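Going by this note's numbering, the first residue of the first sequence is number 1111, and it counts up by one from there. The C-beta atom is built at its ideal place from N, Cα and C for all residues, glycine as well. All values derive from a computational prediction rather than experimental measurement. Heads up, the thing below is written out as structure tokens.
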Amino acid sequence: MSSVLWFRRDLRLRDNPALLTAAQNGPVTALFVLDDALRRPAGAPRLAYLYRTLRALDEELRDHGGALVIRSGKPETVVAQVAREVDAAAVHISADFGPYGTARDARVAQALDVELVRTGSPYAVAPGRVVKADGSPFQVFTAFYRRWSEHGWPAPARSGAASADWRSDVASRPIPHDPALPPGLTLPDAGEAAAVRSWQAFVDQRLAGYSDQRDRPDWDATSRMSPHLHYGTIHPRTMLADLGRRDDTFRKEVAWREFYAAVLHFWPESARAYFKPEMTRMPYVSGRLADTRLEAWQQGRTGYPIVDAGMRQLLAEGWMHNRVRMIVASFLVKDLHLEWTVGARHFMRHLVDGDLASNQHGWQWTAGTGTDAAPYFRIFNPVTQGRKFDPDGRYIKRFVPELVGLPDELVHEPWKADQKVDYPDRIVDHDVERKVALANYQSVRAS
DNA sequence: TGAAATGTTGGGGCG
DNA sequence: ACGCCCCAACATTTC
């Protein structure tokens, strides 16, 4: 008897129920499949981060006498092949609930001569479990959150790496080298040990102030756990257990991730399609104007400091502060009149934490097209938001060095400065575009 | 997890 | 003392 533990987005050895299940059935072969269908849409930063995570996992496995077996190709071919090579009685996975993963796993189960055993998922509560009394899915976060909290989740699973009998004699491709990264890009530390370290640092140093300080992009006040959650180097259940009853605000952020995973599970098409179909009639700019605006937004050259700082942080770190994600998203949709799908795609290409469910639904929330979405007429004023959440412009000056010489008051409105700064003029006038957006919205509602 | 427009209230200056 | 005006501060409505 032997088994294959096929890793996907659960690249850890602690609190891993699928690993415990696999370890009960003789020697375990740890497998990761380089699947081009997943590698293609990921930008270089996320790919590099994945490879680093794989290297860390491989090292941990080697400490336990094993190794991570890397293969490339179609999972339905490769997983079946490896299962035959090691004469596995079963292939163990943690369940995936995304549209691609669901279809892929169905194909793999079909192709296997042995059982594909799903144990656990990357969520505290598996998507689909939390539903209304009548069995229908929640479309409103607050109601979901109440039910999700009542539902509860198991305590973290015990660590099983030490007790597993890892195989290390299976042929493997090398883990690919990092792809070429943009110069100056700094990625967060990858791997399970880094996840545990950085979670502990957050709990010790920043959790107490989280609810008051999390909206400040100029402070290091957030958990920064999103890349680790994306690749499963830590399980949210571990985090929730450490929270105890301490911080409802942070628990809610974990719950947003679970909510959006559930929404995607029940409405797989919502990754692309507008939740509110009438909103597809919103008019957008097109042609050269659209191209120019999109490029200015992507490069962080819109002339609005908080927007540009956020977009440049995305390019510099593969990450953006959540408050600023909302500001730049609102700006794309309501000031530049570009479609949310365009912005969502750019985020997915550049974010190390790029998670389909959270990203697409977060964008739909901002664009007013989604479940439990902000009403369309909630339009962020980039100057007001900047003043409120980056009062002395420290975040802006970190990513937009052209503005370093400006006093705090002018850093959010450099166009009012007497001194000339080498910084783009505003590509649009917020006051004007806000009215255009509201008029567009009226025209959609009337039609 | 908005912001602007509009409405209301109340203090102070003034005749 | 009183009414009137102005306007800041706050509340409500609207998009």
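Which of helix, strand or coil does DSSP assign to residue i?
| i | result |
| --- | --- |
| L1461 | coil |
| F1142 | strand |
| S1557 | coil |
| L1297 | coil |
| I1180 | strand |
| E1171 | Per the sequence presented here, residue 1171 reads as Leu, with Glu not at that position. The answer is helix: DSSP assigns L1171 an H, G or I state. |
| E1523 | coil |
| W1258 | helix |
| R1326 | coil |
| S1231 | coil |
| D1539 | coil |
| D1502 | coil |
| V1452 | helix |
| D1120 | coil |
| Q1249 | coil |
| F1509 | helix |
| Y1210 | helix |
| P1337 | helix |
| F1312 | helix |
| G1354 | coil |
| L1442 | helix |
| I1437 | helix |
| A1331 | coil |
| W1263 | coil |
| R1283 | coil |
| Q1220 | helix |
| S1321 | helix |
| R1347 | helix |
| R1268 | coil |
| P1492 | helix |
| K1545 | helix |
| N1550 | helix |
| V1241 | coil |
| H1471 | helix |
| N1126 | coil |
| T1476 | helix |
| D1215 | helix |
Going by DSSP, what residues sit across from residue i in a beta bridge?
| i | result |
| --- | --- |
| A1200 | S1113, E1225 |
| W1276 | V1138 |
Leaving out five residues on either side along the sequence, give the residues of the same chain with a beta carbon under 6 Å from the beta carbon of residue i.
| i | result |
| --- | --- |
| A1234 | W1263, P1346, R1347, L1350 |
| G1413 | P1534, D1535, R1536, I1537 |
| S1278 | G1176, A1177 |
| Q1470 | A1381, A1454 |
| A1221 | E1186, A1190 |
| R1459 | G1153 |
| G1230 | P1127, A1128, S1204 |
| H1338 | A1305, I1344 |
| P1393 | N1550 |
| E1225 | A1200 |
Who are the near neighbours of residue i in its chain, counting only those whose CB is closer than 7 Å to its CB and skipping five residues on each side?
| i | result |
| --- | --- |
| G1161 | Per the sequence presented here, residue 1161 reads as Tyr, with Gly not at that position. The residues are I1285, P1286, D1288. |
| D1328 | D1500, R1504, Y1505 |
| T1390 | Y1384 |
| A1267 | D1125, N1126, P1127, L1130 |
| D1357 | L1317, Y1320, S1321 |
| K1362 | Y1255 |
| V1558 | With the chain covering only 1111 through 1557, there is no way to say anything about residue 1558. |
| W1309 | M1335, I1344, M1349 |
Excluding five sequence neighbours on each side, which residues of the same chain lie with their C-beta closer than 8 Å to the C-beta of residue i?
| i | result |
| --- | --- |
| A1365 | F1251, F1254, Y1255, W1258, S1259 |
| A1265 | R1347, A1351 |
| A1484 | W1475, T1476, G1478 |
| H1540 | Y1414, D1445, N1491, P1492, V1493 |
query = Which runs of the alpha helix (DSSP H) spanning at least 4 residues fall entirely within the stretch 1360-1429, listed in chain order?
reply = Counting only runs of at least 4 residues, the stretch 1360-1429 fully encloses the following alpha helix (DSSP H) elements, listed from N- to C-terminal order: 1397-1409, 1415-1427.
task = Answer yes if the stretch 1476-1487 comes into contact with the stretch 1394-1403, meaning at least three C-beta pairs across the two stretches below 8 Å, and no otherwise.
result = No, they do not touch.
ask   = Is the stretch 1145-1164 touching the stretch 1291-1303 in the sense that three or more CB pairs, one from each, lie closer than 8 Å?
value = Taking 8 Å as the limit for Cβ pairs, the verdict is that the stretch 1145-1164 does touch the stretch 1291-1303.
ask   = Using 8 Å as the Cβ pair cut-off and three pairs as the minimum, do the stretch 1193-1204 and the stretch 1129-1137 touch?
value = With a cut-off of 8 Å on Cβ pairs, the stretch 1193-1204 is in contact with the stretch 1129-1137, counting three or more such pairs.
ask   = Given 8 Å as the limit, is there contact between the stretch 1445-1464 and the stretch 1144-1154, that is, 3 or more CB pairs closer than that?
value = Yes, the stretch 1445-1464 is in contact with the stretch 1144-1154.
key: the stretch 1116-1124 / the stretch 1298-1314 touching (three or more Cβ pairs under 8 Å)   = At 8 Å Cβ cutoff, the stretches touch.
query = Is it a yes or a no for the stretch 1323-1341 touching the stretch 1369-1389, going by three-plus beta-carbon pairs under 8 Å?
reply = By the Cβ test, the stretch 1323-1341 is not in contact with the stretch 1369-1389, since fewer than three Cβ pairs between them sit closer than 8 Å.
message = Across the stretch 1239-1250 and the stretch 1205-1220, are there enough close Cβ pairs to call them in contact, namely three or more that are closer than 8 Å?
response = No: fewer than three Cβ pairs fall under 8 Å.
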